[in-house]
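*Asks:*
Residue numbers (my numbering), protein chains in the order written: chain A, 1 to 126; chain B, 127 to 270.
Written out as structure tokens, the structure reads:
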């Protein structure tokens with residue numbers, strides 16, 4: 001019994017350690033930031049608008065307004081595989097959060113709510 | 127039926143342990159229910175079902191409470207591992223995981239107090255099942 005509890009404890013500890021290590025904070029981009037970025041609203045478990053445009057090669061602030069009581073964030077990835085993070089915003093419930101997105105090359109990027117991964121959208125960088 | 131736990135009345139420590147477990151189960155169920163979305167709602171419902179199964183005074187629930195305990199440990203561990211793989215990593219999630227780690231420890235303690243060694247319990251139950259199926263005689267059992 002003790003060995004089973006110990007083994008289970010080790011598995012849980014390893015799982016939490018892995019989670020903590022991948023949750024490390026990203027460095028904030030330095031330099032001038034364009035504060036006039038788009039506003040993304042989360043309401044009824046969906047993003048509105050689901051497609052936003054931002055300027056290329058310029059740091060931009062995205063304004064996130066979560067109108068749901070459920071927690072959401074805006075997490076931007078290179079593509080829909082969500083394997084390469086670009087900018088992960090704070091998870092908030094029924095409140096607003098600003099998020100500085102680093103300068104991006106022109107192209108199309110993917111964003112989602114990391115809590116509810118079926119909430120997705122597209123960022124078009126021009 | 128368990129010769130250990132079904133036969134004896136619950137001590138104050140047993141009752142306190144069970145109350146603490148149910149409180150932790152309901153806490154994590156509540157947290158998951160506030161997250162929205164089908165997956166979290168189903169997770170909360172699973173925890174709620176476990177909380178009921180842990181305390182309901184029905185003969186069949188008492189008979190298979192050992193299974194509820196093992197199932198709850200597995201369910202909480204699966205929830206933690208699923209979260210570790212997929213995230214998201216934010217404060218509420220860390221609180222829920224801390225509750226679930228504590229829950230696993232307390233349920234394991236409850237199991238040890240009420241049912242004994244889980245391997246022996248599972249072996250005994252399998253033996254009992256086999257004997258009911260007419261393959262070989264029963265050698266043990268669990269429950270409470």
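Every residue, glycine too, gets a C-beta built ideally from N, C-alpha and C.
The model shown is predicted, which means the values in this text are computed figures rather than measured ones.
With H, G and I counted as helix, E and B as strand and the rest as coil, what does DSSP make of residue 159 of chain B?
*Replies:* Three-state result, residue 159 of chain B: helix.
*Asks:* Please state the DSSP three-state secondary structure of residue 91 of chain A.
*Replies:* In the structure shown, residue 91 of chain A sits in coil (DSSP, three-state: anything other than H, G, I, E or B).
*Asks:* Grouping DSSP H, G and I as helix and E and B as strand, with all else coil, what is residue 215 of chain B?
*Replies:* Residue 215 of chain B falls in the coil class under three-state DSSP.
*Asks:* Apply the 10 Å Cβ neighbour rule to residue 229 of chain B and answer buried if 16 or more other Cβ atoms are within range, or exposed otherwise.
*Replies:* With 16 or more other Cβ atoms within 10 Å, it is buried.
*Asks:* Smallest Cα separation from residue 135 of chain B: which of B:208, B:173, B:240?
*Replies:* Among B:208, B:173, B:240, the Cα nearest to that of residue 135 of chain B is on B:240.
*Asks:* 8 Å is my cut-off, CB to CB: does residue 140 of chain B come that close to chain A?
*Replies:* Not an interface residue.
*Asks:* At the 8 Å Cβ level, is residue 71 of chain A part of the contact set with chain B, yes or no?
*Replies:* Residue 71 of chain A counts as touching chain B.
*Asks:* Does DSSP classify residue 182 of chain B as helix, strand or coil?
*Replies:* It is coil, neither helix nor strand.
*Asks:* If we require 4 or more residues per run, which alpha helix (DSSP H) segments fall completely within the region 200 to 261 of chain B?
*Replies:* For the region 200 to 261 of chain B, whole alpha helix (DSSP H) runs of length 4 or above, ordered along the chain, are 217 to 240, 244 to 258.
*Asks:* Can you check which of these residues, A:74, A:122, A:80, A:66, is closest to residue 100 of chain A by C-alpha distance?
*Replies:* It is A:74 whose Cα lies nearest to the Cα of residue 100 of chain A.
*Asks:* Could you spell out where the beta strand (DSSP E) holding residue 48 of chain A opens and where it closes?
*Replies:* Element bounds for residue 48 of chain A: 46 to 48.
*Asks:* By DSSP, does residue 138 of chain B sit in helix, in strand, or in coil?
*Replies:* Helix, per DSSP.
*Asks:* Going by DSSP, what residues sit across from residue 121 of chain A in a beta bridge?
*Replies:* Answer is A:111.
*Asks:* At the level of alpha carbons, what is the spacing between residue 25 of chain A and residue 214 of chain B?
*Replies:* With a pLDDT of only 43 at residue 25 of chain A, under 50, the local geometry of the prediction cannot be trusted, and the value read off the model is given with reservation. So the two alpha carbons sit approximately 13 Å from each other.
*Asks:* Please list the partners that residue 114 of chain A has in chain B, where partner means a Cβ-to-Cβ separation under 7 Å.
*Replies:* Neighbours of residue 114 of chain A on chain B, chain order: 213, 214.
*Asks:* Here's the rule: buried if 16 or more other CB atoms are within 10 angstroms of the residue's CB, otherwise exposed. What is residue 211 of chain B?
*Replies:* With fewer than 16 Cβ atoms within 10 Å of its Cβ, residue 211 of chain B is classed as exposed.
*Asks:* Anything in chain B within Cβ reach of residue 171 of chain A, meaning under 9 Å, just list it in chain order.
*Replies:* Residue 171 of chain A cannot be examined here, being either before or after the span of chain A that is shown, 1 to 126.
*Asks:* Could you check what DSSP says for residue 73 of chain A in three-state terms: helix, strand or coil?
*Replies:* Looking at residue 73 of chain A - three-state DSSP - the assignment turns out to be coil, as it is neither helix nor strand.
*Asks:* Tell me, please, whether the region 167 to 177 of chain B touches the region 146 to 159 of chain B by the rule of three or more beta-carbon pairs shorter than 8 Å.
*Replies:* Segments in contact, yes.
*Asks:* Give every residue of the same chain whose Cβ lies closer than 7 Å to the Cβ of residue 244 of chain B, excluding the five residues on either side of it in the sequence, and list them in chain order.
*Replies:* Answer for residue 244 of chain B: 196, 237, listed in chain order.
*Asks:* Is residue 101 of chain A close to chain B? Criterion is C-beta to C-beta, closer than 8 Å.
*Replies:* Residue 101 of chain A does not count as touching chain B.
*Asks:* Going by C-alpha distance, which of A:95, A:32, A:52, A:98 is nearest residue 58 of chain A?
*Replies:* Closest by alpha carbon: A:32.
*Asks:* Could you tell me whether the region 52 to 66 of chain A touches the region 186 to 201 of chain B, where touching means 3 or more Cβ pairs closer than 8 Å?
*Replies:* Contact fails: fewer than three Cβ-Cβ distances are below 8 Å.
*Asks:* Hey, how far is the Cα of residue 248 of chain B from the Cα of residue 218 of chain B?
*Replies:* Answer to the nearest angstrom: the Cα atoms are 35 Å apart.
*Asks:* Would you decide whether residue 22 of chain A is buried or exposed? Buried here means 16 or more other CB atoms lie within 10 Å of its CB.
*Replies:* A caution first: residue 22 of chain A carries a pLDDT of 46, below 50, which makes its placement in the model unreliable, though a value can still be read off. With fewer than 16 other Cβ atoms within 10 Å, it is exposed.
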